[in-house]
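Working notes for the structure below.
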Amino acid sequence: MTNPSATGRGVWSSKTGFILAASGSAIGLGNIWRFPYMVGEGGGAAFVVIYLGFVFLLGAAVMLAELALGRHTDRNAVGAFAATAPGTLWKLVGMLGVITGVAILSFYAVIAGWTVGYLFKTVTGSFSQTVTAQESQAIFESFASSPTANLGLLFAFLAVTSIVVWRGVSGGIERVSKILMPVLLGLLILLAIRSVTLSGAGAGLEFYLAPDFSRISVATFPAALGQAFFSLSLGMGAMITYGSYVSKKINLVTSTGIICLFDTLIALLAGLIIFPALFHAGMSPSGGGVGLVFQVLPTLFAELPAGQLFGAAFFLLLAIAALTSTIALLEVPVSYVIDEWGWSRGKAVAATAIVTFLIGVPSALASGAVPFFSDLPGAAPDFLSLMSIIFGNYALTIGSLGLAIFVGYRWGVQAAAAEIESEGVTFGLKHAWGFLLRFLAPVGITAILVYIIATGNYF
Ligand code: TRP
1 MTNPSATGRG VWSSKTGFIL AASGSAIGLG NIWRFPYMVG EGGGAAFVVI
51 YLGFVFLLGA AVMLAELALG RHTDRNAVGA FAATAPGTLW KLVGMLGVIT
101 GVAILSFYAV IAGWTVGYLF KTVTGSFSQT VTAQESQAIF ESFASSPTAN
151 LGLLFAFLAV TSIVVWRGVS GGIERVSKIL MPVLLGLLIL LAIRSVTLSG
201 AGAGLEFYLA PDFSRISVAT FPAALGQAFF SLSLGMGAMI TYGSYVSKKI
251 NLVTSTGIIC LFDTLIALLA GLIIFPALFH AGMSPSGGGV GLVFQVLPTL
301 FAELPAGQLF GAAFFLLLAI AALTSTIALL EVPVSYVIDE WGWSRGKAVA
351 ATAIVTFLIG VPSALASGAV PFFSDLPGAA PDFLSLMSII FGNYALTIGS
401 LGLAIFVGYR WGVQAAAAEI ESEGVTFGLK HAWGFLLRFL APVGITAILV
451 YIIATGNYF
């Protein structure tokens, strides 16, 4: 794809190119960092079951709707609503998406910075001797509570993201993903094999794979739903924007299926790596919070021959997977500002990145650097977790609800299906999809939100 806004809207070079770019946006820290810690805090396998149900029932339906709307209107997250329903308030759903994109990027880039920090630590030998659980936790705590490391890495990660977005999300990303995604997949499979063969792995596998529904609570449902939307990059117009670069020849239905399967596979593999290793090291699945993966993995690398090499490769690939997501996150507000405010790409990128950095400062200081942000008053956890819950769960859930109602009722299932069926694509599940968008998604999501508000069970 060429720079979409400098040369008119670009088009992905092929179906593979599109699927790789969309998967690159979906696959990231959400799969490898966020999914395991949500499963750990959310009660294990029972959470996983509910999560899978949400991905394939609601997530896939919403993804298809976003892609179709984007391709049909050829516009950004806000413009797509404005073009389909001119002069209405529907564009507020798109606006919420733009704000959510900035908010998610502000804490996501903090964690992305950690992957770079851990890459350096691994390369410089911090984990070259056997590390115990306690040592690994201590290393994490001293790293995560350093204000200079956190702010510096946040700044650096946003700077690299900005440069890529400023130069246009061009062929580079497609080419890089083509090589690196298979490598990441291969490495994850290898690590999973090592992890499940560790002593004590059985208890981890049981926690992760044998559902115990007594472990879950009311709060599990919004958490699993939010995680599904987060992991698939839905509810904030990212797939509208990416859909606007898709040619009419591409089958959106099979593409959606492949992206959802691929994203789920990577998340499930991440869990297969983390939980056996975690139980082997004698850690608690719910004790690590946002640091879970960073505390567990060094103990696993210590158990591998050439662990330093595997560790470095892992954090490098994770940083790149995070970068393909931060690029898409930044592209949403940037393409909005360019299209709707008429700004140049350079100015749009610079302004958005600076605002994102400023909003990201408290998240960067929320893991020990500043006590107030690290332990907020009341029931709320630290500032980063709070941003992750508000924007990563609730805002995406509300955005997806708005999108389902918009496509289901305002634009209309018939019109949307006609877009999906352009150039002879057959869409056999049209009626099921219409039912999901018009009934199951609105009713299900509203019920969950109302329940949460009524019980006050926000976290
Ligand atoms: N799906 C990404 C991940 O799992 C995170 C994400 C959420 C995202 N919304 C997005 C990425 C929008 C790009 C665009 O890591």
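For what it's worth, the working numbering labels the leading residue of the sequence shown as 1, then goes sequentially. Built from N, CA and C at the ideal position, the CB exists for glycine as well.
Near A192, what residues of its chain come up, given a Cβ to Cβ distance below 7 Å and the 5 sequence neighbours on each side ignored?
Walking along the sequence shown from the start, residue 192 turns up at place 192. Around A192: L269, L272, I273.
Who are the Cβ neighbours of A281 in its own chain at under 6 Å, not counting the five residues just before and after it?
For the purposes of this step, residue 281 is taken as residue 281 along the sequence shown, with counting starting at 1. Beyond the five residues adjoining it in sequence on each side, A281 comes within less than 6 Å, by CB distance, of A133, T299 in the same chain, given in chain order.
I189 to L52 span [Cα, whole Å]:
Residue mapping note: residue 189 aligns to position 189 of the sequence shown, counting from 1. Residue mapping note: residue 52 aligns to position 52 of the sequence shown, counting from 1. One C-alpha to the other measures close to 20 Å.
Within a Cβ cutoff of 6 Å, which residues of the same chain sit near G444, ignoring the five residues on either side of it in sequence?
Stepping through the sequence shown from its first residue, residue 444 is reached at position 444. Once the five neighbours on either side are set aside, G444 has no close Cβ partner at all.
Should A302 be listed as close to the ligand TRP, given that the test is whether its C-beta is under 7 Å from any heavy atom?
Sequence index remark: in the sequence shown, residue 302 carries index 302 (1-based). A302: no, Cβ never under 7 Å from the ligand TRP.
N31 beta carbon near the ligand TRP (any heavy atom closer than 7 Å):
Along the sequence shown, read from residue 1 onward, the residue named residue 31 stands at position 31. At least one heavy atom of the ligand TRP is nearer than 7 Å to the Cβ of N31, so yes.
With distances taken between CB atoms, is the gap from L69 to W411 smaller than 8 Å?
The residue you call residue 69 lines up with position 69 of the sequence shown. The residue you call residue 411 lines up with position 411 of the sequence shown. Contact: yes.
Compare the beta carbon distance of A306 and L198 with 8 Å and say whether it is the shorter of the two.
For the purposes of this step, residue 306 is taken as residue 306 along the sequence shown, with counting starting at 1. For the purposes of this step, residue 198 is taken as residue 198 along the sequence shown, with counting starting at 1. The answer is no: Cβ separation not under 8 Å.
Comparing C-alpha positions only, which one of N31, E419, W33 sits nearest to K249?
Here residue 249 refers to the residue found at position 249 when the sequence shown is read from its first residue. Closest option to K249, judged by alpha-carbon separation, among N31, E419, W33: E419.
Do S367 and A144 count as a contact pair if the criterion is CB distance below 8 Å?
On the sequence shown, residue 144 is found 144 positions in, with the first residue counted as 1. On the sequence shown, residue 367 is found 367 positions in, with the first residue counted as 1. Going by C-beta atoms, A144 is nearer than 8 Å to S367.
Out of T100, K347, G101, A369, point me to the one whose CA is closest to A149's CA.
Position 149 of the sequence shown, counted from the start, is the residue given in the question as residue 149. Restricting attention to T100, K347, G101, A369, the CA atom closest to the CA of A149 is found in A369.
For the alpha helix (DSSP H) containing N150, list its first residue and its last residue.
As a first step, residue 150 must be located in the sequence shown, where it is residue number 150. Unbroken alpha helix (DSSP H) run through N150: 147–166.
Answer yes or no: the CB of F262 versus the heavy atoms of the ligand TRP, is any distance below 7 Å?
Along the sequence shown, one-based indexing puts residue 262 at 262. No, Cβ of F262 sits at least 7 Å from all heavy atoms of the ligand TRP.
Rounded C-beta distance between I359 and S106? I'm assuming under 8 Å.
As a working mapping, residue 359 is identified with position 359 in the sequence shown. As a working mapping, residue 106 is identified with position 106 in the sequence shown. The pair is a contact, with the Cβ atoms about 4 Å apart (cut-off 8 Å).
Backbone CA spacing between I448 and V93 [nearest angstrom]:
For the purposes of this step, residue 448 is identified with residue 448 of the sequence shown, where counting begins at 1. For the purposes of this step, residue 93 is identified with residue 93 of the sequence shown, where counting begins at 1. The C-alpha of V93 is placed about 19 Å away from the C-alpha of I448.
Between the C-alpha atoms of T88 and G79, what's the straight-line distance to the nearest angstrom?
Position 88 of the sequence shown holds residue 88. Position 79 of the sequence shown holds residue 79. Distance between the alpha carbons of T88 and G79 is about 12 Å.
Quick check on DSSP: helix, strand or coil for V123?
The count along the sequence shown starts at 1 and reaches residue 123 at position 123. Reduced to three states, the DSSP call for V123 is helix.
For L316 and I259, what's the separation of their Cα atoms in angstroms?
Residue numbering aside, residue 316 sits at position 316 when the sequence shown is read from its first letter. Residue numbering aside, residue 259 sits at position 259 when the sequence shown is read from its first letter. Cα-Cα distance, rounded: 23 Å.
Contact test: G28 Cβ vs the ligand TRP heavy atom, cutoff 7 Å
Working through the sequence shown from its first residue, we reach residue 28 at position 28. For the ligand TRP, at least one heavy atom lies less than 7 Å from the Cβ of G28.
Would you please state the rounded distance, in angstroms, between the beta carbons of I398 and L96? I believe it to be under 8 Å.
Numbered from 1 along the sequence shown, position 398 holds the residue referred to as residue 398. Numbered from 1 along the sequence shown, position 96 holds the residue referred to as residue 96. Right, the Cβ-Cβ distance comes to about 7 Å (below 8 Å), so this counts as a contact.
What alpha helix (DSSP H) runs, 4 residues minimum, are completely inside the region 238–271?
Residue ranges of uninterrupted alpha helix (DSSP H) with 4 or more members, entirely inside the region 238–271 and ordered along the chain, are 238–243.
Sequence-distant residues of the same chain with beta carbon closer than 7 Å to A322, five excluded per side
Here residue 322 refers to the residue found at position 322 when the sequence shown is read from its first residue. Excluding sequence neighbours, A322 sits near G28, L29, A112, T115.
Restricting to Cα atoms, I'd like to know which of A353, A85, T122, D212 is closest to G101.
For the purposes of this step, residue 101 is identified with residue 101 of the sequence shown, where counting begins at 1. Cα-wise, what sits closest to G101 is A353.
When every heavy atom of the ligand TRP is checked, does at least one fall within less than 7 Å of the C-beta of I390?
To locate residue 390, count along the sequence shown from 1; it is residue 390. Answer for I390: no, Cβ out of range of the ligand TRP.
Compare the C-alpha of F275 against each of V39, S23, T324 and name the closest.
The residue you call residue 275 lines up with position 275 of the sequence shown. Comparing Cα positions, the closest option is V39.
Leaving aside the five residues before and after F318 along the sequence, list all residues of the same chain whose C-beta is less than 7 Å from its C-beta, in chain order.
Mapped onto the sequence shown, residue 318 falls at position 318. Reading off the sequence, residue 318 comes out as Leu, not Phe. The residues are I32, T115.
Could you tell me whether any non-hydrogen atom of the ligand TRP is closer than 7 Å to the CB of F18?
Mapped onto the sequence shown, residue 18 falls at position 18. F18 Cβ: outside cutoff for every heavy atom of the ligand TRP.
Can you name the start and end residues of the alpha helix (DSSP H) that R345 belongs to?
The sequence position of residue 345 within the sequence shown is 345, counting from 1. Start and end: 345–364.
Three-state secondary structure assigned by DSSP to W90:
As a first step, residue 90 is located in the sequence shown; it is residue number 90 there, counting from the start. In this structure, W90 counts as coil in the three-state DSSP scheme.
Can you tell me where the alpha helix (DSSP H) with D339 in it begins and where it stops?
Walking along the sequence shown from the start, residue 339 turns up at place 339. Residues 307–341.
First and last residue of the uninterrupted alpha helix (DSSP H) at G200
For the purposes of this step, residue 200 is identified with residue 200 of the sequence shown, where counting begins at 1. Premise fails: G200 is in no alpha helix (DSSP H) and is neither H nor E.
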